[in-house]
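*Asks:*
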Amino acid sequence: MEPCLPIEPAWPKSRNTRQARAAWGSRVVTIGGDAPVRVQSMTNTDTVDAIGTAIQVKELAIAGSELVRITVNTPEAAAQVPYIREQLDRMGIDVPLIGDFHYNGHRLLTDFPDCAQALSKYRINPGNVGKGDKRDRQFGQMIEAAMKWNKVVRIGVNWGSLDQELLAGMMDENSKRAQPWEAKSVMYEALVTSAIESANRAVEMGMDANQIILSCKVSGVQDLVSVYRELGRRCNYALHLGLTEAGMGTKGTVASSVALGILLQEGLGDTIRVSLTPAPGEARTQEVVIASEILQSLGVRSFVPSVTACPGCGRTTSTTFQELAKDIDDYLRAQMPVWKAKYPGVEKMKVAVMGCIVNGPGESKHADIGISLPGTGEAPAAPVFIDGEKALTLRGENIAREFHQLVEDYVEKRYGHAQATEHA
Ligand code: SF4
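Counting from 1, position 62 in the sequence shown corresponds to residue 62 in full-length UniProt numbering; the numbering is continuous, with no gaps.
(1) Between which two residues does the beta strand (DSSP E) containing residue 383 stretch?
(2) Return the chain-ordered list of same chain residues with a C-beta closer than 7 Å to the C-beta of residue 252, the five sequence neighbours on each side being excluded.
(3) Answer yes or no: the CB of residue 354 versus the heavy atoms of the ligand SF4, is any distance below 6 Å?
(4) Is the region 119-127 close to the region 179-186, with three or more CB pairs under 8 Å?
(5) Three or more C-beta pairs under 8 Å: does that hold for the region 398-405 against the region 325-335?
(6) Buried or exposed, going by whether 16 or more other CB atoms sit within 10 Å of the CB of residue 73?
(7) Just mark residue 25 as buried or exposed, buried being the case when its beta carbon has 16 or more other beta carbons within 10 Å.
(8) Quickly, what does DSSP pair residue 164 with across the bridge? List them, please.
(9) Below 8 Å on the Cβ atoms is my guess for residue 228 versus residue 264; work out the distance and round it to an integer in Å.
(10) Kindly provide the ranges of any beta strand (DSSP E) runs that are 3 or more residues long and lie completely inside the region 315-390, ordered along the chain.
(11) Is residue 94 helix, strand or coil when you go by DSSP?
(12) Mind pulling the alpha helix (DSSP H) runs of 4 or more residues that sit fully within the region 216-303?
(13) Taking the beta carbon of residue 240 as the centre, do at least 16 other beta carbons fall within 10 Å, making it buried, or is it exposed?
(14) For residue 421 and residue 83, what's the separation of their Cα atoms in angstroms?
(15) Rounded to the nearest angstrom, what separates residue 129 and residue 409 at their Cα positions?
(16) Could you give the distance in angstroms between the alpha-carbon of residue 378 and the alpha-carbon of residue 355?
(17) Residue 19 and residue 210 - do their beta-carbons sit closer together than 7 Å?
(18) Is residue 45 helix, strand or coil when you go by DSSP?
(19) Reducing DSSP to helix, strand and coil, say where residue 158 ends up.
(20) Kindly examine the ligand SF4 and report whether one of its heavy atoms sits closer than 6 Å to the Cβ of residue 360.
(21) Is residue 253 near the ligand SF4, judged by its Cβ being under 6 Å from some heavy atom?
(22) In the DSSP assignment, the alpha helix (DSSP H) including residue 137 goes from what residue to what residue?
(23) Cutting at 6 Å between CB atoms, please list the residues of its own chain near residue 50, excluding the five before and the five after it.
(24) Less than 8 Å between C-beta atoms, sequence neighbours within five positions excluded: which residues of the same chain meet that for residue 53?
(25) Could you round the C-beta distance between residue 416 and residue 343 to whole angstroms and report it? I think they count as a contact, below 8 Å.
(26) Specify the secondary structure class of residue 122 as computed by DSSP and reduced to three states.
(27) Drop a sphere of 10 angstroms on the beta-carbon of residue 14, count the other beta-carbons inside from all chains shown, and report buried for 16 or more, exposed for fewer.
(28) Taking only the alpha-carbon atoms, compute the straight-line gap between residue 206 and residue 310 and give it to the nearest angstrom.
(29) Rounded to whole angstroms, what is the Cα-Cα separation between residue 287 and residue 382?
(30) Would you check if the region 313-322 and the region 293-305 touch, i.e. whether three or more CB-CB distances between them fall below 8 Å?
(31) Closest by CA to residue 60, which one among 290, 350, 345, 165?
(32) So residue 93 and residue 57 are supposed to be a Cβ contact under 8 Å. How far apart are they, rounded?
(33) Residue 32 by DSSP, collapsed to three states: which one?
(34) Can you say whether residue 248 is buried or exposed, counting buried as having 16 or more other CB atoms within 10 angstroms of its CB?
(35) Could you give the C-beta distance for residue 196 and residue 156, rounded to a whole number, given that I count them as a contact under 8 Å?
(36) So for residue 72, helix, strand or coil by DSSP?
Following this line, the structure appears as C-alpha cells:
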C-alpha cells in the first residue's frame, strides 16, 4: 500500500500545568508549566548528621539532581536543617532542599522556624498528619507555615500510608452501590481524592495554587499509570511522578523506567524521582543517573553525551568494542561536571561504538562521531566517522587510545567554538 501521509515522529504530549517556584535566597528552581521535567532524589543519611547529609546532597546534586529531599523526623533533625543549607551554600551547591515530614511536621515547622525557612519545599503526606479532628488542624498548620515562608508544598499521597478514614468511608459508600466497584478501583479513587481534596483545602486556606505539587505513589506499574492518568485528568497542579518502593537493581530500574516512560509520554510528570533501593555499597547517586537516563531516552532532556553501542554477537568475539564502549561512556560522564560549563551543547553529542561492519558504518554515520571496530575475520581496521563522513581509519594496538583522543578533539573543536561564540 502506498503511504499517503508522512509518519509522525513520536513525542511526549504536553500538559499545561501550574508552575511552582522552589526558592532559596535569590535562587529558584521552577517545577511544572514550561519548566523542563526536573530530576529529584532523596538522601538516606541521618539528617542529624549535618555534614554527612550535606556531603550526600552535594553528590546527588553533582550527579544531576535538581532538588534533593531530606528526612525531617525529629527536633534534632529539624535543628540541623539550617546548618545543612549553610554547608551547601559554602560548598557552592545550588540545589533546593525539600523537607520530608510525617506525623510531627506541624510541630517541627512551628518550633523550628529556621528549619522552615531553610527548606524550599515541604512534603506533606495527608495520610500521616493525624487522625480525626487533629488531621485537618495539623495539615492546616503545615500549610500555614508554607504560606508564611512562601514555600512550595508537595501533597504526597502514598498507598502504603493512605488516609484510612477516607478509605474506610469510601469502602462503605461503595458497598451501598447497586454494583460495587472492585476494591482496587476504590483504592485508586481514595488516592486521587485524598490528593485533590487536600490541595483544595490548602487553596481554601489561601495557599497559592501554583505552589502546590501533587503525587499519588503506588508500587505497581499499571496501578501508577491508572492513578496518574486520572490525577492528570482532574487537575492542573504540577505532578511529582515516581514509582514508590520500586525495589533493587534491575527490577527497580526496569519497573521505574517502564512506568515513568509511559506516563511522561502522555505528558504526565513535572518532576521525577526513581525510588531505587541501593545494593550494599552502591552509590545513592544511581537513582539520579537512572532518572536522567529516562528523560534522555525519551528525548525530552539531555544531560550527558550518549553512547550508541551494539550488543555484540557471534560476528565480534573479542571484548575490544565492549571495553571501548564502556571506556568512552565512563570518560564522557566523568567530564560532564567541567564540560557542562566549558562546552555548551556537548550533552547532546552522540558517539557510536560498534562491533562489526554489518551495522557499524551505518550507525556511526548517524552519530556525531563513531567507530566501527573490526569483527571476527575482518581486516584489522576501524573506520571513524565524523559528522556523517568517513574521516580516517585506525589500525594497530592503540585504537582505543586514539579514538579517545579523537573524541576529545571533536568536543574541543565543535563545542569549544560554541562557547567562544556565546561569550563573544
Ligand atoms: S554491529 Fe556487528 S557485532 Fe554488533 S550486533 Fe550487529 S552484527 Fe553483531
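Note that beta-carbon positions come from the ideal geometry of N, C-alpha and C, so glycine has one too.
*Replies:* On the basis of the coordinates in this document:
(1) Residue 383 sits at position 383 when you count from the first residue of the sequence shown. In this chain, the beta strand (DSSP E) harbouring residue 383 covers 381-386.
(2) Taking the sequence shown and counting its residues from 1, the one referred to as residue 252 is at position 252. Once the five neighbours on either side are set aside, the close Cβ partners of residue 252 are 246, 276, 277.
(3) Stepping through the sequence shown from its first residue, residue 354 is reached at position 354. Residue 354: yes, Cβ under 6 Å from the ligand SF4.
(4) no
(5) yes
(6) For the purposes of this step, residue 73 is identified with residue 73 of the sequence shown, where counting begins at 1. Buried.
(7) The sequence position of residue 25 within the sequence shown is 25, counting from 1. It is exposed - the Cβ of residue 25 has fewer than 16 other Cβ atoms within 10 Å.
(8) Residue mapping note: residue 164 aligns to position 164 of the sequence shown, counting from 1. BP columns for residue 164 are empty, so no partner.
(9) Here residue 228 refers to the residue found at position 228 of the sequence shown. Here residue 264 refers to the residue found at position 264 of the sequence shown. Wrong, their Cβ atoms sit about 10 Å apart, outside the cutoff.
(10) 350-354, 369-372, 381-386
(11) In the sequence shown, counting from the first residue as 1, residue 94 sits at position 94. If DSSP states are grouped into helix, strand and coil, residue 94 belongs with coil.
(12) The qualifying runs are 221-234, 249-265, 286-297.
(13) Start at 1 with the first residue of the sequence shown, and residue 240 comes out as number 240. Flag for residue 240 reads buried.
(14) In the sequence shown, residue 421 corresponds to position 421, counting from 1. In the sequence shown, residue 83 corresponds to position 83, counting from 1. With a pLDDT of only 48 at residue 421, under the threshold of 50, the placement of this residue in the model should not be trusted, and no figure is reported.
(15) To locate residue 129, count along the sequence shown from 1; it is residue 129. To locate residue 409, count along the sequence shown from 1; it is residue 409. The alpha-carbon atoms of residue 129 and residue 409 are separated by roughly 57 Å.
(16) Reading the sequence shown from its first residue, position 378 is the one you call residue 378. Reading the sequence shown from its first residue, position 355 is the one you call residue 355. Taking the straight line from one Cα to the other gives about 11 Å.
(17) The sequence position of residue 210 within the sequence shown is 210, counting from 1. The sequence position of residue 19 within the sequence shown is 19, counting from 1. The beta carbons of residue 210 and residue 19 sit closer together than 7 Å.
(18) Along the sequence shown, read from residue 1 onward, the residue named residue 45 stands at position 45. Residue 45: coil per DSSP, three-state reduction.
(19) Looking up residue 158 in the sequence shown gives position 158. Residue 158: strand per DSSP, three-state reduction.
(20) As a position in the sequence shown, residue 360 is number 360, starting the count at 1. The answer is yes for residue 360.
(21) Position 253 of the sequence shown, counted from the start, is the residue given in the question as residue 253. No, the beta carbon of residue 253 sits no closer than 6 Å to any heavy atom of the ligand SF4.
(22) Here residue 137 refers to the residue found at position 137 when the sequence shown is read from its first residue. Here the alpha helix (DSSP H) through residue 137 covers 132-149.
(23) The residue you call residue 50 lines up with position 50 of the sequence shown. Same-chain partners within the cutoff: 80, 83, 84.
(24) Here residue 53 refers to the residue found at position 53 when the sequence shown is read from its first residue. Within the same chain, residue 53 has close Cβ partners 43, 45, 46, 47, 70, 80, 84.
(25) Taking the sequence shown and counting its residues from 1, one reaches residue 416 at position 416. Taking the sequence shown and counting its residues from 1, one reaches residue 343 at position 343. Their Cβ separation, rounded to whole angstroms, is 6 Å, which keeps residue 416 and residue 343 in contact under 8 Å.
(26) Here residue 122 corresponds to residue number 122 of the sequence shown, with the count starting at 1. Three-state result, residue 122: strand.
(27) Position 14 of the sequence shown, counting from 1, holds the residue named residue 14. Flag for residue 14 reads exposed.
(28) For this step, residue 206 is matched to residue 206 along the sequence shown. For this step, residue 310 is matched to residue 310 along the sequence shown. In a straight line, the C-alpha of residue 206 is about 55 Å away from that of residue 310.
(29) The residue given as residue 287 occupies position 287 in the sequence shown. The residue given as residue 382 occupies position 382 in the sequence shown. Roughly 36 Å separates the two Cα atoms.
(30) Touching, no, given that fewer than three Cβ pairs across the two stretches are closer than 8 Å.
(31) Here residue 60 refers to the residue found at position 60 of the sequence shown. It is 290.
(32) Against the sequence shown, residue 93 aligns to sequence position 93. Against the sequence shown, residue 57 aligns to sequence position 57. Yes, they are in contact, since the Cβ atoms of residue 93 and residue 57 sit about 7 Å apart, within 8 Å.
(33) Working through the sequence shown from its first residue, we reach residue 32 at position 32. Strand.
(34) Taking the sequence shown and counting its residues from 1, one reaches residue 248 at position 248. Exposed, by the Cβ-count rule.
(35) Along the sequence shown, one-based indexing puts residue 196 at 196. Along the sequence shown, one-based indexing puts residue 156 at 156. Contact doesn't hold; Cβ gap of about 13 Å is too wide.
(36) Here residue 72 refers to the residue found at position 72 of the sequence shown. Residue 72: coil per DSSP, three-state reduction.
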